[in-house]
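A quick write-up on the structure given underneath.
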Amino acid sequence: MVFLNGKFIEKDKASISVMDRGFLFGDGVYEVIPVYNGKIFRLHQHLKRLQNSLDSVKINNPYNDKKWGEILNKLTKLHGNNPQSLYLQITRGVDVERKHSFNDLNPTVYIQSSSLKPKTKQELISGYNAISSEDIRWNRCDIKSTSLLANIMYSQKAKENNVEEVILHQNQQITEGATSNVFMLKNKTLFTHPIDNHILSGITRDLVIESASSCNISIKEVAFSIKDMLSADELWISSSTREIMPIVKVDNNLINNGNVGNTWECVYDNYQKLKNA
Ligand code: PLP
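Heads up: the sequence shown begins at 9 in our numbering, then just goes up one per residue.
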């Protein structure tokens, strides 16, 4: 079952107009929200970021938080008790002609639930590989927009290179991953790019910072360079569906001699506690 414009229906019965601006222009925003033990994880924070995205592109929020909670909880229940990933998308709606500028339209709301299978600690402990690339995206990466062509091309490049992620940099500074935020541990200080228009403010990013607070390290929301990254003690990526993944190789450079570090383990364990609280 999926949710489309006020109705819960079978996925194969769900359809939208070819005049939907989401289809024609990628004119919409989205959220991905994990569900554990039947509970939507950090719903309030996701709805807040959704509101920021909507405000930034002048789409009216069709529902208040209470209504969002009701819809998302109902869809979650329809999909049982296993971990889920809720994908929700709001487009500007259906117009009468294809024109870049827009009229006041009824937003299209689509939500689906997929099963979520984060990697186990056993799997994560061997570490993952990444490649790096110049960040060519626009200067409003803080908006969780469905216009994802650049990110799609990066993810395809990751797939073709058989690596987990593409780590992006602008002017030699690491911004984020194609679909994740990036953290570097150096001399017991955890660095990650500050919240601004160059990155998406990841909900998991906040959870990593929260989880790291009791791991005997200091935390600096300060950008770091490619050079810093390559000599890092530890390197991680974070996202709602991948949680916190240790990266042990970027391009042809090993991080920490190719080993996952102890601090990752501490932060990962704390994250699991928050998730299952
Ligand atoms: N940055 C980008 C570009 C993303 O696409 C994502 C998630 O898909 C993130 C960061 C991490 O965000 P979150 O932790 O809210 O999933």
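Heads up, the beta-carbon is just placed ideally off N, CA and C, and yes, glycines get one too.
Quick check on the DSSP output: the alpha helix (DSSP H) that includes residue i runs from which residue to which?
| i | result |
| --- | --- |
| S163 | L157 to E168 |
| A231 | It is not in any alpha helix (DSSP H) - A231 carries neither H nor E in the DSSP assignment. |
| K257 | Looking at the DSSP string, K257 is not in any alpha helix (DSSP H); the run it does join, the beta strand (DSSP E), is E251 to V258. |
| A285 | No alpha helix (DSSP H) contains A285, which DSSP labels as neither H nor E. |
Kindly give me the distance between the Cβ atoms of residue i and residue j, rounded to whole angstroms, as I take these residues to be in contact under 8 Å.
| i | j | result |
| --- | --- | --- |
| D28 | T116 | 6 Å |
| E173 | I252 | Wrong, their Cβ atoms sit about 12 Å apart, outside the cutoff. |
| V37 | K152 | 5 Å |
| S233 | G210 | At roughly 21 Å, the Cβ-Cβ gap does not stay under 8 Å, so S233 and G210 are not in contact. |
| P91 | S121 | Between S121 and P91 the Cβ distance is about 10 Å, and since that is not below 8 Å, they are no contact. |
| V190 | T197 | Not confirmed; about 15 Å, so no contact. |
| F49 | K283 | 6 Å |
| Q97 | G14 | No, Q97 and G14 are not in contact; Cβ-Cβ is about 15 Å, not under 8 Å. |
| T249 | S93 | 5 Å |
| M9 | L83 | 7 Å |
| L289 | Y118 | The requested residue 289 is not part of the displayed model; the chain covers only 9 to 285. |
Applying the criterion that 16 or more other CB atoms from any shown protein chain within 10 Å of the CB defines a buried residue, is residue i buried or exposed?
| i | result |
| --- | --- |
| D143 | buried |
| F16 | exposed |
| G266 | exposed |
| A220 | buried |
| H54 | buried |
| G88 | exposed |
| V104 | exposed |
| S188 | buried |
| A285 | exposed |
| V230 | exposed |
| E78 | exposed |
Grab me the residues of residue i's own chain with a C-beta within less than 6 Å of its C-beta, minus the 5 sequence neighbours each way, in chain order.
| i | result |
| --- | --- |
| I263 | A240, L243 and V256 |
| I139 | N169, V171, V174 and D259 |
| G135 | P254, V256 and V268 |
| V102 | S25, M27 and D28 |
| G46 | N89 |
What do you reckon, is the C-beta of residue i under 7 Å from a heavy atom of the ligand PLP?
| i | result |
| --- | --- |
| R213 | yes |
| I207 | yes |
| N147 | no |
| V258 | no |
| V2 | The requested residue 2 does not occur in the structure, where the chain is confined to residues 9 to 285. |
| G77 | no |
| K246 | A small correction: the amino acid at residue 246 is Ser; Lys does not occupy that position in the sequence shown. Yes, the Cβ of S246 comes within 7 Å of a heavy atom of the ligand PLP. |
| E184 | yes |
| G34 | no |
| S219 | no |
| T84 | no |
| G14 | no |
| T187 | yes |
| V275 | no |
| N159 | yes |
| V37 | no |
| G210 | yes |
| V40 | yes |
If you drop the 5 nearest sequence neighbours on each side, which residues of the same chain put their C-beta closer than 7 Å to that of residue i?
| i | result |
| --- | --- |
| L32 | R106 |
| T4 | Residue 4 cannot be examined here, being either before or after the span of the chain that is shown, 9 to 285. |
| T183 | D143, L176, H177, H201, H206 and I207 |
| N69 | Q59 and L62 |
Check for me: the beta strand (DSSP E) holding residue i runs from which residue to which?
| i | result |
| --- | --- |
| H108 | Segment: none, H108 is in no beta strand (DSSP E) and carries neither H nor E. |
| S61 | Taken as a continuous stretch (DSSP letters only), S61 belongs to no beta strand (DSSP E), being part of the alpha helix (DSSP H) at L51 to S64. |
| Q180 | Q180 -> no beta strand (DSSP E), and no H or E assigned at all. |
| T154 | Run containing T154: none; DSSP gives neither H nor E here. |
| E39 | G36 to Y44 |
| S247 | E242 to S247 |
| I119 | T116 to S123 |
| L208 | Here L208 belongs to no beta strand (DSSP E), and DSSP marks it neither H nor E. |
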